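To start, the structure itself, in structure tokens.
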Amino acid sequence: MADALDNLPHEDRVRSRKLSGGVATIIADATGLSEAERKALEDELRSAAMNAPGVSEARVALTATQTARTLIAIGSGKGGVGKSTVTANLAVALARAGKKVGVIDADVYGPSQPTLLGNHSKPEGRDDKLLPVEAHGVRFLSLGQLVSPGHALAWRGPMATGALANLIDADWGDTEVLLVDLPPGTGDVQLSLIQRSRPAGAVIVSTPQDLSLIDARRAVDLFNKTSVPILGVIENMATYVCPHCGQASHPFGTGGAEDAAAEMGVPFLGRLPLSLAIREASDAGQPLAAEEEIFAAIAAKLLAAVAH
8 MADALDNLPH EDRVRSRKLS GGVATIIADA TGLSEAERKA LEDELRSAAM
58 NAPGVSEARV ALTATQTART LIAIGSGKGG VGKSTVTANL AVALARAGKK
108 VGVIDADVYG PSQPTLLGNH SKPEGRDDKL LPVEAHGVRF LSLGQLVSPG
158 HALAWRGPMA TGALANLIDA DWGDTEVLLV DLPPGTGDVQ LSLIQRSRPA
208 GAVIVSTPQD LSLIDARRAV DLFNKTSVPI LGVIENMATY VCPHCGQASH
258 PFGTGGAEDA AAEMGVPFLG RLPLSLAIRE ASDAGQPLAA EEEIFAAIAA
308 KLLAAVAH
């Protein structure tokens, strides 16, 4: 009698079907579907079963496998080193490599991901959870979407960490890699993330000069002390090429972050230039408009580091 259920929709999701005494029982896999998509799947299967010969009642059970999600913290000891720009571009590079990527803008006092990703839409809520918005194939959430532009967030630590919890606990669906753009320093937000969600690893962004590297070492030390692996160091703003004469110069030095990574015994993921094109693309909300191969190479190294 189960032959009557051979032509059900969503065959790729149907795991079993049985027809006994006029009752059709169907089990389907709803992994990765939103609540609305799960409801539609259930309704379509039930409707198709009820239209099958010999069926007087249809029972549909949905199962789901928890999506394996890798959470990566992107940190820096000092502000102004381009951490958020690097995070946005890495997210897009990972998405172009075929990963389902999300970004949490945990820099609660200076959220910039809505500008960098070019989408200031306010996220909606469902079942007491925020629904991330999407841009350039990347899902993301930021407090910058929830407050009026130009308004300061005069929050103490517990308020900031509470906001972070809401962003982490959002409905991220089938997101595989979740990048967390942390605020500068080694404070409440960093500790809250480590205690609550235990990242698979951390990436440290620094410019090459000694002043930034002093604080980058502090960031590395925090993650080491809390047993979060350092996946690598990225050296940002290392080289500037004059658009007029083509001569390369090094306003912040070059190689300092790579040398510091070797000294600390952590991987070096790559070096990014001080680029007018990257700055213009970031301000326009169009990440990876330039230097795409560089970000793609760093993204590949990051995935390899996580795999190990």
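Residues 8 to 315 (our numbering) make up the sequence shown, in order. Just so it is clear, CB atoms sit at the ideal spot from N, CA and C, and this is done for glycine as well. This one's a predicted model, so the numbers in the text were calculated from it and none came from an experiment.
Tell me which same chain residues have a C-beta within less than 7 Å of the C-beta of residue i, skipping the five on either side of it?
{"i": "residue 123", "result": "91, 92, 95, 289, 292, 294"}
{"i": "residue 230", "result": "209, 237"}
{"i": "residue 226", "result": "82, 83, 84, 193, 211"}
{"i": "residue 121", "result": "127, 149, 151, 152"}
{"i": "residue 201", "result": "233, 235"}
Classify residue i as helix, strand or coil using the three-state DSSP reduction.
{"i": "residue 23", "result": "strand"}
{"i": "residue 275", "result": "strand"}
{"i": "residue 229", "result": "helix"}
{"i": "residue 15", "result": "coil"}
{"i": "residue 46", "result": "helix"}
{"i": "residue 102", "result": "helix"}
{"i": "residue 313", "result": "helix"}
{"i": "residue 32", "result": "strand"}
{"i": "residue 80", "result": "strand"}
{"i": "residue 94", "result": "helix"}
{"i": "residue 58", "result": "coil"}
{"i": "residue 40", "result": "coil"}
{"i": "residue 75", "result": "coil"}
{"i": "residue 169", "result": "helix"}
How about residue i: is its C-beta nearer than 7 Å to some C-beta of chain B?
{"i": "residue 258", "result": "The chain labelled as chain B is not found in the depicted structure, where only one protein chain is given."}
Between which residues of its own chain and residue i is the CB-CB distance below 6 Å, once the five residues before and five after are set aside?
{"i": "residue 222", "result": "84, 85"}
{"i": "residue 67", "result": "33, 49, 52, 53"}
{"i": "residue 131", "result": "138"}
Measure the alpha-carbon distance for residue i versus residue j and round it to whole angstroms.
{"i": "residue 217", "j": "residue 263", "result": "7 Å"}
{"i": "residue 129", "j": "residue 315", "result": "37 Å"}
{"i": "residue 203", "j": "residue 175", "result": "9 Å"}
{"i": "residue 106", "j": "residue 180", "result": "13 Å"}
{"i": "residue 274", "j": "residue 143", "result": "28 Å"}
{"i": "residue 57", "j": "residue 10", "result": "14 Å"}
{"i": "residue 145", "j": "residue 305", "result": "17 Å"}
{"i": "residue 151", "j": "residue 113", "result": "10 Å"}
{"i": "residue 137", "j": "residue 111", "result": "12 Å"}
{"i": "residue 251", "j": "residue 282", "result": "14 Å"}
{"i": "residue 207", "j": "residue 198", "result": "14 Å"}
{"i": "residue 126", "j": "residue 24", "result": "43 Å"}
{"i": "residue 43", "j": "residue 49", "result": "10 Å"}
{"i": "residue 104", "j": "residue 80", "result": "19 Å"}
{"i": "residue 98", "j": "residue 26", "result": "47 Å"}
{"i": "residue 234", "j": "residue 286", "result": "34 Å"}
{"i": "residue 118", "j": "residue 187", "result": "12 Å"}
{"i": "residue 133", "j": "residue 272", "result": "44 Å"}
{"i": "residue 191", "j": "residue 169", "result": "18 Å"}
{"i": "residue 55", "j": "residue 100", "result": "41 Å"}
{"i": "residue 40", "j": "residue 240", "result": "35 Å"}
{"i": "residue 310", "j": "residue 242", "result": "18 Å"}
From which residue to which residue does the beta strand (DSSP E) around residue i run?
{"i": "residue 68", "result": "64–70"}
Output needed for residue i: all residues of its chain with C-beta closer than 8 Å, excluding positions within five of it in sequence on either side, in chain order.
{"i": "residue 29", "result": "61, 62, 63, 64"}
{"i": "residue 244", "result": "88, 89, 214, 215, 258, 259, 279, 280, 281"}
{"i": "residue 20", "result": "35, 36, 37, 48"}
Note down, one range per segment and in chain order, each alpha helix (DSSP H) of at least 4 residues found wholly within the segment 176–216. 195–204
If we require 4 or more residues per run, which alpha helix (DSSP H) segments fall completely within the segment 232–308? 263–271, 283–290
List in chain order: all unbroken beta strand (DSSP E) runs of 3+ residues lying wholly within the segment 109–158. 131–133, 136–138, 140–142, 145–149
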